[in-house]
Amino acid sequence: MTSHTLRAPRRPGLILAAALAAALLSLSGCGKEDAKPAAATVADPALVTPQPALLQSLKVAAAEPTQVAETLRVAGRLDFDEQRLARIGAPITGRVSEIRATLGQAVKPGEMLARINSTELGQAQLQYLKSRAASELARRSVERARTLHEAGVIASAELQRRENEYGTAQAETRAAADQLRILGMSGGSIERLAASGAIDSFSPVVSTVAGTVVERKVTQGQVVQPADALFTVADLSRLWAVADVPEQQAALVKVGQDVQLDIPALDDARLTGKLIYISDTVNPETRTVLVRTELDNKERRLKPAMLATMLIAARPEPRLTVPAAAVVREDNKDHVFVEVAAGQFRLTPVTLGPDNGGVRVVQAGLKQGQKIVVEGAFHLNNERKRAELEGA
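One rule links them: number in the numbering used here = place in the sequence shown (from 1) + 17.
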């Protein structure tokens with residue numbers, strides 16, 4: 018007996034429905050895969066769009082050049098006024114027999130500072146006395162010759178010879194007196210030598226100016242020569258302040274400009290003055306130009322060689338500047354807010370000079386005509402930081 022397998026009749030409608038369902042499920046899965054979220058856009062932390070209330074309180078202006086008197090800050094020092102300074106040496110070669118002046122002593126012109134015993138001076142005095150005696154002898158010889166000539170005893174030639182001898186003797190006497198002056202003897206001392214005939218080989222070393230003995234380079238018994246400087250006497254009532262200006266800035270300074278001096282040794286006391294001298298040459302080693310001002314020192318607070326900082330107000334020149342209130346410090350750098358669009362600002366780094374009367378010279382980072390926030394920059398920066406934190 019043959020068996021037969023029974024098959025269910027096909028239903029085309031069911032097969033079609035199943036295919037459609039599978040397609041729909043496939044499309045649904047693809048859609049879920051494609052619907053991934055887009056990457057978040059990172060905001061520029063330097064950009065800030067303030068709220069209307071803050072925007073109204075801001076003041077925006079274009080960066081423009083202004084006349085700026087740049088202040089040069091250079092290292093300086095105090096020094097002697099060389100017009101009130103005397104370095105006093107030995108007038109002759111000899112041995113120091115006495116020292117009268119001490120450091121810090123106030124002296125007057127002509128006051129004795131030391132004494133020198135000199136054989137050279139003794140010989141010069143002896144030569145002067147000999148020349149003077151020979152001149153006197155020649156003078157008397159001329160007088161006798163004139164008497165004899167008038168009496169017809171001697172000829173005119175003999176009278177002329179004796180007159181010539183007298184003229185030579187007078188010249189030798191004047192030369193001997195000049196030598197004594199060179200050796201330090203005064204006119205009064207030479208007259209006393211001529212009157213008394215007593216030789217004195219001691220020569221005084223005297224001060225030539227009124228002031229204070231600020232240096233002594235001699236000891237008793239020392240042998241000295243005219244080239245040796247024994248004492249330095251200075252009038253300390255006025256001093257110089259000198260400084261070295263870099264040659265690149267030398268064109269900014271002129272005689273008569275106002276200067277200020279900060280002296281650390283006097284608790285940064287600030288003194289004022291005017292430039293009285295600018296060197297015409299450049300120091301080839303330091304590439305600087307020496308400038309000088311004069312200071313009153315009647316109270317003797319200032320001392321030569323004290324360090325000082327000289328502030329020189331250079332002549333005004335047009336420079337691109339920004340108000341000091343427009344500057345914001347971030348990461349130890351200077352910034353300003355530049356307007357990039359209506360109501361939108363960017364924190365922009367800039368390179369600025371030091372504060373000069375409430376304005377700062379722009380050295381880099383900003384161009385003329387760019388609009389910046391000149392008032393309210395601090396509050397605008399706080400708004401920028403708040404927005405940056407909320408975005409994070």
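Positions of the beta carbon are idealized from the N, C-alpha and C atoms, including for glycine.
Distance between residue j and residue i (C-alpha atoms, nearest Å)
i	j	result
Gly121	Val308	29 Å
Val159	Ser148	16 Å
Asp96	Thr229	15 Å
Glu407	Ile389	25 Å
Val222	Glu167	53 Å
Leu200	Ala86	56 Å
Leu256	Thr119	22 Å
Gly238	Ala123	24 Å
Ala55	Val344	The predicted model places Ala55 with a pLDDT of 40, which falls under 50 and marks its position as unreliable; any figure quoted below should be read in that light. In a straight line, the C-alpha of Ala55 is about 39 Å away from that of Val344.
Ala141	Ile207	11 Å
Leu369	Met323	32 Å
Tyr183	Leu130	40 Å
Glu180	Tyr145	21 Å
Asn373	Ala107	54 Å
Leu292	Val276	7 Å
Gly273	Leu288	16 Å
Asp348	Thr365	12 Å
Arg191	Ala155	15 Å
Asn399	Pro371	24 Å
Gly169	Glu153	25 Å
Arg209	Arg157	23 Å
Ala331	Thr303	21 Å
Ser213	Pro321	47 Å
Arg346	Glu356	18 Å
Arg198	Arg163	35 Å
Arg117	Arg233	11 Å
Check whether residue i and residue j have beta carbons under 8 Å apart
i	j	result
Ala215	Gly93	no
Ala16	Pro126	Limits of the chain in this structure are 18 at one end and 409 at the other, which puts residue 16 out of reach.
Ala151	Ala186	yes
Gly386	Ala70	no
Val240	Arg112	yes
Ala325	Leu383	no
Leu283	Arg317	no
Val270	Val262	yes
Pro62	Leu397	no
Glu264	Val231	no
Arg101	Glu115	no
Ile295	Ala286	no
Leu75	Gly393	yes
Assumed close pair residue i, residue j - CB separation to whole angstroms, cut-off 8 Å
i	j	result
Ser224	Ile105	6 Å
Met327	Ala258	7 Å
Gly360	Leu89	Actually they do not touch by this definition, with Cβ atoms about 42 Å apart.
Ile109	Ser203	14 Å between Cβ atoms; not a contact.
Val77	Val353	Contact doesn't hold; Cβ gap of about 11 Å is too wide.
Val91	Ala404	About 45 Å; that fails the 8 Å criterion.
Pro82	Pro335	4 Å
Asp252	Asp98	7 Å
Ala267	Val306	4 Å
Subject >> Whole runs of the beta strand (DSSP E) within the region 92-136, excluding any shorter than 3 residues >> reply: Assignment of beta strand (DSSP E) within the region 92-136, counting only whole runs of 3 or more residues, yields 102-106, 111-116, 129-134 in chain order.
**OP:** Only counting runs of 3 or more residues, tell me where the beta strand (DSSP E) segments fall wholly within the region 161-243, in order along the chain.
**Re:** Listed in chain order, the complete beta strand (DSSP E) runs (minimum 3 residues) inside the region 161-243 are 219-223, 228-233.
Original post:
Is there contact here, the region 327-341 with the region 365-384, by at least three beta-carbon pairs under 8 Å?
Top reply: When C-beta atoms of the region 327-341 are compared with those of the region 365-384, three or more pairs fall below 8 Å, so the two segments count as touching.
Subject >> Sufficient close CB pairs (3 or more, under 8 Å) joining the region 169-177 to the region 128-144 >> reply: At 8 Å Cβ cutoff, the stretches do not touch.
**OP:** Report yes or no: do three or more beta-carbon pairs, one from the region 307-323 and one from the region 354-370, lie closer than 8 Å?
**Re:** No, they do not touch.
**OP:** Within the region 291-354, note down every full beta strand (DSSP E) run reaching 3 residues or more, in order along the chain.
**Re:** Runs of the beta strand (DSSP E) inside the region 291-354: 305-313, 324-330, 334-340, 345-347.
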